[in-house]
Amino acid sequence: MSNESKSRRQFLKYLGGVLCAGGASALIPQLRLMGSAMAATNGNVPGYRALVCVYLSGGNDSFNTLIPYDTTRHAAYTTARGGTYNAGNNAAGLGIARTDLTSAVQITDSATGALYALNPGNANYPAGMSDLATLYRQNRVAFIANVGTLTRPITKAEYTSTPSLRPPQLYSHSDQENLWHLARTTSHHLGWGGQVADRTRLNNLNQALSPCISLAGSNRFQVGDDTFPYQMASSGVTALRNIYNNSSSTGGTYGPQRAGALDLLLADANPSPFTAEYGRTFKRARELYDLLSTALASPSGTISTAFPANSFADQLKMVARMIKLSRDTAVNVQHTRQVYFVRIGGFDLHDRLMATDTSGHAFLLNRLSTGLAAFYTALGEIGAQNDVTTFTASEFARTLSSNGNGSDHAWGGVQLVMGGAVNGGRLYGSYPDLVNNGAISFSRGQMIPSTSVDQMAATLARWMGVTTTNDLNAIFPNLPNFASSNLGFMAA
Numbered sequence: 001m002s003n004e005s006k007s008r009r010q011f012l013k014y015l016g017g018v019l020c021a022g023g024a025s026a027l028i029p030q031l032r033l034m035g036s037a038m039a040a041t042n043g044n045v046p047g048y049r050a051l052v053c054v055y056l057s058g059g060n061d062s063f064n065t066l067i068p069y070d071t072t073r074h075a076a077y078t079t080a081r082g083g084t085y086n087a088g089n090n091a092a093g094l095g096i097a098r099t100d101l102t103s104a105v106q107i108t109d110s111a112t113g114a115l116y117a118l119n120p121g122n123a124n125y126p127a128g129m130s131d132l133a134t135l136y137r138q139n140r141v142a143f144i145a146n147v148g149t150l151t152r153p154i155t156k157a158e159y160t161s162t163p164s165l166r167p168p169q170l171y172s173h174s175d176q177e178n179l180w181h182l183a184r185t186t187s188h189h190l191g192w193g194g195q196v197a198d199r200t201r202l203n204n205l206n207q208a209l210s211p212c213i214s215l216a217g218s219n220r221f222q223v224g225d226d227t228f229p230y231q232m233a234s235s236g237v238t239a240l241r242n243i244y245n246n247s248s249s250t251g252g253t254y255g256p257q258r259a260g261a262l263d264l265l266l267a268d269a270n271p272s273p274f275t276a277e278y279g280r281t282f283k284r285a286r287e288l289y290d291l292l293s294t295a296l297a298s299p300s301g302t303i304s305t306a307f308p309a310n311s312f313a314d315q316l317k318m319v320a321r322m323i324k325l326s327r328d329t330a331v332n333v334q335h336t337r338q339v340y341f342v343r344i345g346g347f348d349l350h351d352r353l354m355a356t357d358t359s360g361h362a363f364l365l366n367r368l369s370t371g372l373a374a375f376y377t378a379l380g381e382i383g384a385q386n387d388v389t390t391f392t393a394s395e396f397a398r399t400l401s402s403n404g405n406g407s408d409h410a411w412g413g414v415q416l417v418m419g420g421a422v423n424g425g426r427l428y429g430s431y432p433d434l435v436n437n438g439a440i441s442f443s444r445g446q447m448i449p450s451t452s453v454d455q456m457a458a459t460l461a462r463w464m465g466v467t468t469t470n471d472l473n474a475i476f477p478n479l480p481n482f483a484s485s486n487l488g489f490m491a492a
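Just so you know, the UniProt record's numbering puts 333 at position 333 of the sequence shown, and the rest follows in order with no gaps.
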């Protein structure tokens with residue numbers, strides 16, 4: 001059977017499910033699905049696959065995350081960062097001493113032999129990022145160097161002479177987060193994760209449950225033409241207050257009576273189109289609650305892997321539980337493509353960047369490292385390490401130079417990708433010379449990206465099954481401006 005024939009059958013199955021769920025009045029709004037649905041396919045990529053976006057909110061200090069270790073480049077790094085931090089005699093310095101970069105956090109780029117180290121932590125968090133360093137040495141983690149928002153490749157001279165080539169609102173948190181989520185530098189309402197889901201969701205059995213699931217609230221990344229994120233808490237799905245959802249939840253003293261009254265309102269014999277659609281949406285939400293709350297409480301939704309006790313790890317644990325039950329043929333989810341979103345905040349460190357307590361950068365990176373390591377172990381428990389790819393994103397990196405107690409908003413930075421399908425153990429892109437006012441850096445060490453968000457995201461989209469040039473260019477309209485749409489960090 002050709003991919004086109006298969007896509008047509010999938011579209012008809014999907015549309016039939018929509019009509020059964022929503023009635024004939026749903027037909028006209030759903031006709032706009034036809035363009036993407038008729039073209040959608042998982043291509044030659046069978047089986048389950050999921051992306052997990054870990055958003056580092058606030059702008060992560062990339063160059064204290066991945067630090068050059070060889071003597072010459074580390075010396076340049078230390079100079080650019082105002083010297084080695086010392087609370088007593090150099091409190092404004094942002095550099096980490098080379099002697100602190102122990103073997104536990106040292107890594108080597110297998111492609112070039114260049115030496116690096118991940119953040120080593122401090123006396124309060126002595127493990128630093130050693131868990132991620134171990135996964136890197138097992139070829140399960142790769143780094144993408146100097147990646148950021150771009151319209152096309154741009155030189156330092158062009159940045160000065162042609163402001164229109166710059167991403168809009170370059171140092172704004174909200175604007176740059178949106179550009180990372182949209183993978184384009186123009187105003188738009190669709191995120192690249194949602195558009196990938198649009199094109200790969202047709203083999204998902206339960207179409208009522210969105211393939212995009214957020215553990216961190218609303219976001220633009222997961223919004224597609226036909227896909228909107230299903231929001232959950234790290235503790236699971238949220239029930240209606242004081243009204244039972246099913247026979248096992250009482251909903252308070254008058255729960256059954258309130259539920260009955262609500263059912264009567266939703267079953268109004270002469271509803272307006274708006275109230276009718278609201279009723280159908282409300283009904284689907286309650287049905288999904290019943291399905292997921294029951295499944296999460298069953299063996300299909302349980303994980304035995306120990307996770308750290310913090311809110312970030314709680315999000316990742318729920319993602320692992322959802323992946324497990326989504327792949328279980330005994331549960332009425334059975335998705336083949338999913339996109340998850342989690343968030344860890346606190347990275348906007350204009351102050352106390354080098355603090356040794358829970359307000360400092362080392363604490364956040366240790367939390368990131370231990371959480372991701374536990375998540376990868378949990379994926380091994382459920383047999384999904386090769387089927388799930390986790391990646392980080394953040395608005396921008398931070399200035400190399402100190403503002404006296406921290407660093408400020410910059411541009412290009414370092415991101416990581418983790419998974420069994422990752423061609424790990426190496427860096428992709430071009431790690432920049434860490435100097436202030438260099439060939440591709442401004443006066444405070446703000447790096448002009450050498451790799452675009454579009455290239456990084458398109459590589460992940462290809463792995464998910466979006467492989468045609470037309471689809472990739474529709475999602476990432478600036479992609480043709482770059483030399484490659486595939487950075488090579490994902491296995492086929």
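Beta carbons: idealized from backbone N, C-alpha and C, even for Gly.
| Query | Result |
| --- | --- |
| Using 8 Å as the cut-off, can you tell me whether the stretch 436-456 makes contact with the stretch 128-138, which would need three or more C-beta pairs spanning the two stretches below that distance? | no |
| Please list the segments of the alpha helix (DSSP H) lying wholly inside the stretch 45-93, counting only runs of 4 or more residues, in order along the chain. | 71-80 |
| Under 8 Å between the Cβ atoms of Ile344 and Arg367? | yes |
| Ends of the beta strand (DSSP E) at Ile382? | Premise fails: Ile382 is in no beta strand (DSSP E) and is neither H nor E. |
| Please state whether DSSP places Leu365 in a helix, a strand or coil. | helix |
| So, is Leu31 buried or exposed, given that buried needs 16 or more other C-beta atoms within 10 angstroms? | Confidence is the limiting factor: at Leu31 the pLDDT is only 40, short of 50, which leaves the residue's position unreliable and the question unanswerable from this model. |
| What residues are listed by DSSP as bridge partners for Tyr340? | Val52, Ile213 |
| In three-state terms, what does DSSP make of Ile154? | coil |
| Answer yes if the stretch 82-98 comes into contact with the stretch 204-220, meaning at least three C-beta pairs across the two stretches below 8 Å, and no otherwise. | no |
| Exposed or buried, Leu264, counting other C-beta atoms within 10 Å across all chains shown (16 or more means buried)? | exposed |
| Do Tyr171 and Leu165 count as a contact pair if the criterion is CB distance below 8 Å? | no |
| So what does DSSP say about Ile107, is it helix, strand or coil? | strand |
| Pairing CB atoms from the stretch 66-85 with CB atoms from the stretch 371-386, are three or more of them under 8 Å? | no |
| Would you call the CB atoms of Ser430 and Ala145 closer than 8 Å? | yes |
| I believe Val223 touches His189 by the beta-carbon criterion, under 8 Å. Please report the beta-carbon distance rounded to the nearest angstrom. | 7 Å |
| Is the Cβ-Cβ distance between Asn473 and Arg152 less than 8 Å? | no |
| Just verifying my parser: in three-state terms, what is the DSSP assignment at Asn332? | coil |
| By Cβ distance below 7 Å, which residues in the same chain neighbour Leu66 in space, the five residues on each side in sequence not counted? | Tyr116, Leu118, Phe143, Val414 |
| Just tell me which of Asn423, Glu395, Ser103, Ala76 has its CA closest to the CA of Pro432. | Ala76 |
| Check the DSSP bridge columns for Tyr428 and list the partner residues they point to. | Ile144 |
| Is it buried or exposed for Asp351, if we count other Cβ within 10 angstroms and need 16 for buried? | exposed |
| Run through DSSP, which three-state label would Leu416 get? | strand |
| For Phe274, count neighbouring Cβ atoms within 10 angstroms of its own Cβ and tell me buried if that reaches 16, exposed if not. | exposed |
| Determine the direct distance from the alpha carbon of Gly445 to that of Thr102, and round the result to whole angstroms. | 26 Å |
| If you compare alpha carbons, which of Gln138, Leu349, Ile96 is closest to Pro120? | Ile96 |
| For a test of the three-state rule: what should DSSP assign to His173, helix, strand or coil? | helix |
| Thinking C-alpha only, which one of Gln106, Arg284, Asn124 is nearest Thr134? | Gln106 |
| Can you have a look at Asp70 and say buried or exposed, based on whether 16 or more other CB atoms are within 10 angstroms of its CB? | exposed |
| Just tell me which of Gln231, Ala330, Asn470 has its CA closest to the CA of Tyr289. | Gln231 |
| My output table needs one value for Leu115: the three-state DSSP class, helix, strand or coil. | strand |
| Determine the burial state of Asp357: buried for a count of at least 16 other Cβ atoms within 10 Å of its Cβ, exposed for fewer. | exposed |
| Is Pro477 closer than 8 Å to Arg184 when the C-beta atoms are compared? | yes |
| Tell me whether Asn64 is buried or exposed, calling it buried when 16 or more other Cβ atoms sit within 10 Å of its Cβ. | buried |
| If you compare alpha carbons, which of Thr468, Ser304, Thr162, His361 is closest to Gly346? | His361 |
| Helix, strand or coil for Phe391 per DSSP? | strand |
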